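Chains as they are written, first to last, in the numbering used here: chain L, 89 to 627; chain R, 89 to 627. Beta carbons are placed, not taken as given, at the ideal position from N, Cα and C, and that holds for glycine. Quick caveat, the model's predicted, so the values are computed rather than measured.
Protein chains: 2
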Amino acid sequence: MARRWNGWGDESYVKEISDHGRRLIHSVIGVTDPLPNASLDAVMAKVPASRLPDHYLISKGAEERVRHARGQSFPDWLAMHSGDYGVFPDGVSYPESSSQVRELLDLAVEHDFEVIPYGGGTSVAGHITPQQSERAILTIDMGRMNQLLDLCEESQVATFGAGTPGPLVESQLRVRGYTLGHYPQSWELSTVGGWIASRSSGQQSLGFGRIEQLFAGGRMETLHGALDIPSIPASSAGPDIREIIMGTEGRLGIFTEVQVRVTRLPEEEKFFVVFMPDWSSAKKAVRELVQQNIPMSMMRVSNAKESKAHIHLGTKESQFKLLDRYLRFRGLGGDRCMLTFGVTGSKIQNKTSLKQVRKILKGYGGIGGSIAQMMGKIWADGRFKFPYLRETAWQEGIAIDTLETSTDWENVDSVLQSIEESLENSLKNENEEVMVFTHLSHMYSQGCSIYTTYFFRCAGSYEATLKRWQKMKASASEIIAHSRATISHQHGVGKDHAPYLEAEKGRLGMRIIRTLTKEFDSDRRLNPGTLLVQESGWR
Amino acid sequence: MARRWNGWGDESYVKEISDHGRRLIHSVIGVTDPLPNASLDAVMAKVPASRLPDHYLISKGAEERVRHARGQSFPDWLAMHSGDYGVFPDGVSYPESSSQVRELLDLAVEHDFEVIPYGGGTSVAGHITPQQSERAILTIDMGRMNQLLDLCEESQVATFGAGTPGPLVESQLRVRGYTLGHYPQSWELSTVGGWIASRSSGQQSLGFGRIEQLFAGGRMETLHGALDIPSIPASSAGPDIREIIMGTEGRLGIFTEVQVRVTRLPEEEKFFVVFMPDWSSAKKAVRELVQQNIPMSMMRVSNAKESKAHIHLGTKESQFKLLDRYLRFRGLGGDRCMLTFGVTGSKIQNKTSLKQVRKILKGYGGIGGSIAQMMGKIWADGRFKFPYLRETAWQEGIAIDTLETSTDWENVDSVLQSIEESLENSLKNENEEVMVFTHLSHMYSQGCSIYTTYFFRCAGSYEATLKRWQKMKASASEIIAHSRATISHQHGVGKDHAPYLEAEKGRLGMRIIRTLTKEFDSDRRLNPGTLLVQESGWR
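What follows is the structure, encoded as structure tokens:
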């Protein structure tokens, strides 16, 4: 894959916007001119001299430093397109072993520099974006540690280099007959070490579990030596160190080799799309499905606005009209909601699950029929392609971002509505409309995740566009932080969510996290500014 | 329930040993005289004056102090029967609210005393046993905080007082149509707060999850204020505080109100016992069942020795002979292994699961037939009664203890064999035989728990009997600690397992735990000696 230097994914892939999809967007937010894009050469010319020492493991080339300076958050996107990066890492290293990571950490102490671990560079919350510092900054790209090192078929535990990205995780397992089944939307690029460091969740977490259930053990190199977690199925022996270091986002150390729980490739996997009459029936249906504990591998339910947007963006106009006519004929109007679900496992189990699912969905007025499996296949085929839309839209002056949380079922409607209203109203004083839609996914008996996408017009400058985003992000984050909802269900904390973490963790929860980061990194050398806001009193 | 003051459970319940069960035990370890039992009055006479201040929340009565001085570990058992308690708490408190717990913690600082939280008093690892101290010791019995405080049916989250014991958890939920489904063997007495503080696992964890999956949030009172964890279904926002405080065994604070994930009462629940030809086929069968992810709520497989012992202890001789004849007729001899399993859920799901289970078990030569469900019911009816056997055996001079671990499938046989051999050989130099048998339970795709029971003769004195146990416990614990197995899968660390914790957690893992206990309890006032061995340099 030739990777886009200033955006998402494979530069050979372009996600087209259908004409009627474009008309729908324009009907909500209007049209505008795109902002000018900086060239890679222009950005490279801005890269300053490196402050790092010369070392055989450290590269100081301008292009590498540009390519490792930013993730995929909206501020990152603006920086990459405007060329106003602000800070570049002083160098990039590509270790090939735990001992080379160890060597780099020792070097960081010796030469007093900071270290940022880099997996797939897919953070949408600023995890890997360097902050201004008096000290030099080294980004450690784990991408060369990308091998399946061991597979114990008896215990179904696989050991990977922490820098192994999704496709290499699956391809190396599949030739042996196994799968991990962890598919975040960033799967094409994000890495197993990154998933663990940021507590990732995959689209099929309902069946395969979140990364918490998949991570079995492994090594994290810290400033005080290697922290090894033995692979053990379960334990009551005190606090779970595995759970303590998951989600530390590079603040305690760098994962180098990790063990994950794999399963044999399923006999059968099927996805379906069913349409529900309205939001209320759709939400009740998925809640009942998950609370009845029916084995399924994924569920997602889009609200009416998202259902409309997805179908417009995902179809040609003629296809849309056919589908619309069919659904209207079956009695579903403009309030209809798409419900996508999947079953993964043995044929006999899938058959039983589907029987129960159909009964429940039918009871809530769901319409599937012959198109359900075809549309399920379309979802599965395009499941990692949505992020490419940002690029296409950007070239037309349209900015896209997403935000997400999770909360208990009793709060879902109020949190969802508050987030959507806040985004829709956030630019009213500029007479700007925002196009907002939402889905629920990652179903739990207790609640689910809420995932909201918003489209808005670029302002006349990068600065003004960033201000628009900041206003929207802050307003939605405040709502989340004060609604017993998590500031992130699957994107992590990074720098963008750090100001809201205390509302969730509480004063003593924050004390736990700060105590550990201070104990392991008293000089604040490891990914500073991530997870915790700038610690007062520290350099 | 009138509780035994010096042993397990309800004093009105006596578990009889069948004649042929007794003969089996005697055939292995021989007979001996029981040791003399101390009376409650004699022990009460030893209770010294309390060093605690007078306070309306603190009781200093001798009987209460005796009844809260010990749990159910083997050393506890010897202390309770010999009357040599060593240390008694200086008083007992029965708070009725979080604010009363808060008041007691403030008082502990003001008057410089130590605090031990007490749930059901069922620890088998010394969690609640006070250690000699220059300071006074207060045991805080949470038993009055035993109410269902809230049930959100939409989110399926129940809030309980942390001192609610198993039967009150279930009875208060069941009248509302819900269940928690957490059934450790100590269920009759142990409490939801204790389960969380010690990372408990129930017999049906395969279906309902371990306490880690059930604990949703709640309050822990610490010396620095209340640590509140909001109920959220899942999050990627940094380390999971819930997971950090689970298993801290009173070292960071005391759980006062806790939220757990409940489910609606299942439509159907069934248990079965099937006999497998030998250990190899039995182990392969359960591994295949769990790795195929077939929905079941429990599995347990006893090795041939345990199968023999359980059937002898659980049947009359005439019943045993019938069963034995039937199994021999079906081709199963002395190597046969009992495999107990259960399904819990909807009828349609259970039917599908059972179809798959039968196919796999049949493939490995399993014999069930008409007796399978009847024997399953016998298991279910007696599931909490095994601990009562200790009392009956003790009165005949027979000591019983159990130990447990978990490890990956690839290690199961070698760890199991090493533990059994070590126990069987541990008293050879005294010409003593030990009767040892084992089952696997709590199946995970990655591995399972190994649970070993051992019977041995009391020595001529309490001191010599304790020495026998210490030798056995140390030898088995050393093996576990050095075999990539956990020092405890379900009993916690307490004081008995603390010396082995570092082998599992590593130097840096221990540093994490010590850092947190120091931060939260710099004066080592909360349950000292538990979880961590006596910290050097601390008072």
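>> Just verifying my parser: in three-state terms, what is the DSSP assignment at threonine 480 of chain R?
In response: helix
> How big is the Cα-Cα spacing for valine 263 of chain R and arginine 352 of chain R?
Replying inline: 11 Å
>> What residue range does the beta strand (DSSP E) around aspartate 489 of chain R cover?
In response: 486-496
> Which parts of the stretch 555-597 of chain L are runs of the alpha helix (DSSP H), unbroken and 4 residues or longer, counting only runs that do not cross its ends?
Replying inline: none
> Can you tell me where the beta strand (DSSP E) with tyrosine 206 of chain L in it begins and where it stops?
Replying inline: 202-206
>> Beta-carbon within less than 6 Å of isoleucine 486 of chain R's beta-carbon, same chain only, minus the 5 sequence neighbours each way: which residues are those?
In response: Excluding positions up to five away in sequence, the list reads Phe543.
> By DSSP, does histidine 530 of chain R sit in helix, in strand, or in coil?
Replying inline: Of the three classes helix, strand and coil, the one that applies to histidine 530 of chain R here is coil, per DSSP.
>> Once DSSP output is grouped into helix, strand and coil, what is the label at phenylalanine 360 of chain L?
In response: strand
> Using 8 Å as the Cβ pair cut-off and three pairs as the minimum, do the stretch 527-539 of chain R and the stretch 369-379 of chain R touch?
Replying inline: Judged by Cβ distances under 8 Å, the stretch 527-539 of chain R makes contact with the stretch 369-379 of chain R, as three or more pairs qualify.
> Can you tell me where the beta strand (DSSP E) with threonine 432 of chain L in it begins and where it stops?
Replying inline: Unbroken beta strand (DSSP E) run through threonine 432 of chain L: 425-433.
>> Rounded to whole angstroms, what is the Cα-Cα separation between serine 286 of chain R and leucine 620 of chain R?
In response: One C-alpha to the other measures close to 13 Å.
> Is the CB-CB distance between proline 272 of chain L and glycine 290 of chain L below 8 Å?
Replying inline: yes
> Taking the runs of the alpha helix (DSSP H) that are 4 residues or longer, which of them lie wholly in the stretch 385-456 of chain L?
Replying inline: 392-402, 405-417 and 435-451
>> According to DSSP, is valine 280 of chain L part of a helix, a strand, or is it coil?
In response: helix
> Under 8 Å Cβ-Cβ, which residues of chain L neighbour histidine 579 of chain R?
Replying inline: Ser324
> From this set, L/Phe162, L/Tyr182 and L/Leu128, which residue's C-alpha is nearest leucine 145 of chain L's C-alpha?
Replying inline: L/Tyr182
> When you compare only the Cα positions, how much space is there between glutamate 492 of chain R and glycine 422 of chain L?
Replying inline: 59 Å
>> Am I right that lysine 358 of chain R and valine 431 of chain R are in contact with their C-beta atoms under 8 Å? What's the rounded C-beta distance?
In response: Indeed they touch by this definition, with Cβ atoms about 6 Å apart.
>> Using a Cβ-Cβ cutoff of less than 7 Å, which residues in the same chain neighbour serine 100 of chain L once the five nearest sequence positions on both sides are dropped?
In response: Ala90
> Between the Cα of glutamate 394 of chain R and the Cα atoms of R/Arg92, R/Leu277, R/Ile113 and R/Lys103, which residue gives the shortest distance?
Replying inline: R/Ile113
> Helix or strand or just coil, what does DSSP make of glutamine 244 of chain L?
Replying inline: coil
>> Tell me whether the stretch 150-170 of chain R and the stretch 126-134 of chain R touch, counting them as touching only if at least three CB pairs, one residue from each stretch, are closer than 8 Å.
In response: As far as the Cβ criterion goes, the stretch 150-170 of chain R touches the stretch 126-134 of chain R, which means the pair count is three or higher.
> With a CB to CB cut of under 8 Å and the five nearest residues on each side skipped, what residues in its chain are close to glutamate 258 of chain R?
Replying inline: Thr267 and Leu268
> If you draw a straight line from the C-alpha of arginine 375 of chain L to the C-alpha of glutamine 347 of chain R, how long is it?
Replying inline: 20 Å
> Along chain R, which residues have their Cβ under 8 Å away from the Cβ of valine 116 of chain L?
Replying inline: Chain R residues near valine 116 of chain L: none, gap ~30 Å exceeds 8 Å.
>> I'd like to know whether the C-beta of histidine 312 of chain R is nearer than 8 Å to at least one C-beta of chain L.
In response: yes
> methionine 364 of chain R and isoleucine 117 of chain R look like a contact to me (Cβ under 8 Å); what is the Cβ gap, rounded to whole Å?
Replying inline: 27 Å between Cβ atoms; not a contact.
> In chain order, what residues of the same chain lie with their CB nearer than 8 Å to the CB of aspartate 178 of chain L, ignoring the 5 residues before and after it?
Replying inline: Ser138, Arg139, Leu140, Lys148, Arg153, Phe201, Ala224, Ile225 and Leu226
>> Is there a C-beta anywhere in chain A that falls below 8 Å from the one on lysine 473 of chain R?
In response: Among the protein chains of the structure shown, namely L and R, there is no chain A.
> What does glycine 290 of chain L pair with, by DSSP beta-bridge criteria?
Replying inline: Checking the DSSP bridge columns, you'll see glycine 290 of chain L has no partner listed.
>> Among R/Thr495, R/Met462, R/Glu520 and R/Pro327, whose alpha-carbon lies nearest the alpha-carbon of threonine 403 of chain R?
In response: R/Met462
> Whole-angstrom Cβ separation of serine 243 of chain L and serine 576 of chain R, contact assumed at under 8 Å?
Replying inline: Contact doesn't hold; Cβ gap of about 20 Å is too wide.
>> Taking CB distances under 8 Å as the criterion, tell me whether threonine 217 of chain L reaches chain R.
In response: Not closer than 8 Å to any Cβ of chain R, the Cβ of threonine 217 of chain L fails to qualify, so no.
>> Does chain L have any CB closer than 8 Å to the CB of glycine 254 of chain R?
In response: no
>> Using 8 Å as the threshold, is the C-beta distance between proline 122 of chain R and tryptophan 482 of chain R below it?
In response: yes
>> So, for isoleucine 284 of chain R: in the same chain, excluding its five sequence neighbours on each side, which residues have a beta-carbon less than 7 Å away from its beta-carbon?
In response: Ile299, Phe303, Met334, Phe343 and Val346
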